[in-house]
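**Student:** The sequence shown begins at 0 in numbering that gives the first Met the number 0 and counts up by one.
Yeah, the Cβ is synthetic: ideal placement off N, Cα and C, and Gly gets one too.
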Amino acid sequence: MSQELILAFLFTLFAGLATGIGSLLAFFAKTTNTKFLSFALGFSAGVMIYVSMVDIFFKAKESLVSELGEVSGSWLTVGSFFAGMLFIALIDRFIPTQSNPHELKKVEDMKKNGHVTKDADLMKMGVFTALAIGIHNFPEGIATFISTLQDPALGFAIAIAIAIHNIPEGIAVSVPIYYATNSKKKAFKFSFLSGLAEPVGAIVAFLILMPFLTEVMFGVIFAAVAGIMVFISLDELLPAAKKYDEAHVSIYGLISGMAVMAVSLLLLI
């Protein structure tokens, strides 16, 4: 197995297991550090948007244009970009609101609800949230895996951004299950398992997509990855960052994420 493949699996595993970090934080944090959460989510969005629009999209277009010509390649790049957006939007559409990973909650809000909601309802909420996050993490795993194969530095940046936004998702899984079962072990297990969908996505990409990974297929997948990450940033990360915002912290995080990604890409030239 090549070094790029090993890195691709490791980065995807790292990003997915960040849900477990969120689970652990939920057990020890009585309140949410809203400034940090707002900055971190904004930073993650900045990384994803910048790398998608400045780097990934144009690498996809370059591959497709080289194989299909300027006109056909450009149209297919744009079509694949919006197809990625449509794909992740459909996943969101069919996930119930209460278990949608985009409906992020504070630790204290979840605990407050835990005292007034029946244990069975809490358990159901936690399990559905874990399932929803697992479904959501699957295409993110493919995105991290494919990006790392193309450019390990790029894959690492994407893995960091995905890991940051997986932390509050881990909180959303573990807290209701903990209050339903009074078991930190069960809560952590469900949170941990929801994150494993990302390396599963990488394995599926390796087994199914890799044999067919021509320049055209790579360009289509890469453009779709850009669309998926932009959608996640606009639909999840930025609204959540603004929800917890104080004194424009989220926009500072967004700009910082873009700046760090921009400098990183320049240093790799």
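Tell me whether L16 sits in a helix, a strand or coil according to DSSP, three-state version.
**Tutor:** What you label residue 16 is simply residue 17 of the sequence shown in a count that begins at 1. DSSP places L16 in helix when its eight states are reduced to three.
**Student:** From the DSSP output, in three-state form, read off S37 for me.
**Tutor:** Here residue 37 corresponds to residue number 38 of the sequence shown, with the count starting at 1. Note: S37 maps to helix in three-state DSSP.
**Student:** If you draw a straight line from the C-alpha of L212 to the C-alpha of A204, how long is it?
**Tutor:** The count along the sequence shown starts at 1 and reaches residue 212 at position 213. The count along the sequence shown starts at 1 and reaches residue 204 at position 205. Spanning the two alpha carbons is a distance of roughly 10 Å.
**Student:** Decide if the stretch 168-188 is in contact with the stretch 9-22; the criterion is three or more beta carbon pairs, one per stretch, under 8 Å apart.
**Tutor:** With the cut-off at 8 Å, the stretch 168-188 and the stretch 9-22 touch.
**Student:** Do the CB positions of V215 and E69 come within less than 7 Å of each other?
**Tutor:** Position 216 of the sequence shown, counted from the start, is the residue given in the question as residue 215. Position 70 of the sequence shown, counted from the start, is the residue given in the question as residue 69. For V215 and E69, no; Cβs fall outside 7 Å.
**Student:** Taking its Cβ as the centre, do 16 or more other Cβ atoms sit within 10 Å of K117, making it buried, or is it exposed?
**Tutor:** Taking the sequence shown and counting its residues from 1, one reaches residue 117 at position 118. With a pLDDT of 49 at K117, under the threshold of 50, the modelled position of this residue cannot be trusted, and the question is left open.
**Student:** Leaving aside the five residues before and after G133 along the sequence, list all residues of the same chain whose C-beta is less than 6 Å from its C-beta, in chain order.
**Tutor:** Counting from 1 along the sequence shown, the entry for residue 133 is found at position 134. So the qualifying residues of the chain are S193, A196.
**Student:** State the start and end residues of the unbroken alpha helix (DSSP H) segment that holds A204.
**Tutor:** Counting from one through the sequence shown, the residue named residue 204 turns up at place 205. Note, A204: premise wrong, no alpha helix (DSSP H); not H, not E.
**Student:** Check each candidate in M257, M122, I250 and name the one with the smallest Cα separation from K183.
**Tutor:** One-based indexing of the sequence shown puts residue 183 at position 184. Taking only the C-alpha atoms, the option nearest K183 is M122.
**Student:** How about S62 and F191: are their beta carbons less than 7 Å apart?
**Tutor:** Along the sequence shown, read from residue 1 onward, the residue named residue 62 stands at position 63. Along the sequence shown, read from residue 1 onward, the residue named residue 191 stands at position 192. In this structure, F191 does not lie closer than 7 Å to S62 by Cβ.
**Student:** Restricting to runs no shorter than 4 residues, where is the alpha helix (DSSP H) found entirely within the stretch 36-79?
**Tutor:** Listed in chain order, the complete alpha helix (DSSP H) runs (minimum 4 residues) inside the stretch 36-79 are 56-67.
**Student:** What number of angstroms, rounded off, separates the C-alpha of V219 from the C-alpha of D150?
**Tutor:** Position 220 of the sequence shown, counting from 1, holds the residue named residue 219. Position 151 of the sequence shown, counting from 1, holds the residue named residue 150. Those two C-alpha atoms are separated by around 16 Å.
**Student:** Nearest to L265 by CA position, among I87, Y49, S71, is which residue?
**Tutor:** For the purposes of this step, residue 265 is taken as the residue at position 266 of the sequence shown. Taking only the C-alpha atoms, the option nearest L265 is Y49.
**Student:** Could you tell me the alpha carbon to alpha carbon distance between A82 and I161, rounded to whole angstroms?
**Tutor:** Taking the first residue of the sequence shown as position 1, residue 82 is located at position 83. Taking the first residue of the sequence shown as position 1, residue 161 is located at position 162. Whole-angstrom Cα-Cα distance: 20 Å.
**Student:** Buried or exposed, going by whether 16 or more other CB atoms sit within 10 Å of the CB of V262?
**Tutor:** In the sequence shown, the residue the question calls residue 262 occupies position 263. The residue in question, V262, is exposed, as its Cβ has fewer than 16 Cβ neighbours within 10 Å.
**Student:** Can you give me the C-alpha to C-alpha distance between T279 and A142, rounded to a whole angstrom?
**Tutor:** Summary: the structure shown does not reach residue 279, with the chain confined to residues 0 through 268, and so no result is reported for it.
**Student:** To the nearest angstrom, report how far apart M260 and A156 are at their CA atoms.
**Tutor:** Residue 260 sits at position 261 when you count from the first residue of the sequence shown. Residue 156 sits at position 157 when you count from the first residue of the sequence shown. Answer to the nearest angstrom: the Cα atoms are 8 Å apart.
**Student:** Is the separation between the beta-carbon of V248 and that of S1 shorter than 7 Å?
**Tutor:** By 1-based counting over the sequence shown, the position of residue 248 is 249. By 1-based counting over the sequence shown, the position of residue 1 is 2. No, Cβ-Cβ distance for V248 and S1 is not below 7 Å.
**Student:** How big is the Cα-Cα spacing for M124 and F8?
**Tutor:** In the sequence shown, counting from the first residue as 1, residue 124 sits at position 125. In the sequence shown, counting from the first residue as 1, residue 8 sits at position 9. Spanning the two alpha carbons is a distance of roughly 30 Å.
**Student:** DSSP state of T180, grouped into three classes?
**Tutor:** Working through the sequence shown from its first residue, we reach residue 180 at position 181. Note: T180 maps to helix in three-state DSSP.
**Student:** Less than 7 Å separating the beta-carbons of G140 and G200?
**Tutor:** On the sequence shown, position 141 is the one that residue 140 refers to. On the sequence shown, position 201 is the one that residue 200 refers to. Closer than 7 Å, so yes.
**Student:** By the 10 Å Cβ neighbour count, where 16 or more other Cβ atoms means buried, how is S43 classified, buried or exposed?
**Tutor:** As a working mapping, residue 43 is identified with position 44 in the sequence shown. Result: buried.
**Student:** Have a look at L153 and A39 and give me their C-alpha separation to the nearest angstrom.
**Tutor:** As a first step, residue 153 is located in the sequence shown; it is residue number 154 there, counting from the start. As a first step, residue 39 is located in the sequence shown; it is residue number 40 there, counting from the start. If you take the alpha carbons of L153 and A39, they lie about 19 Å apart.
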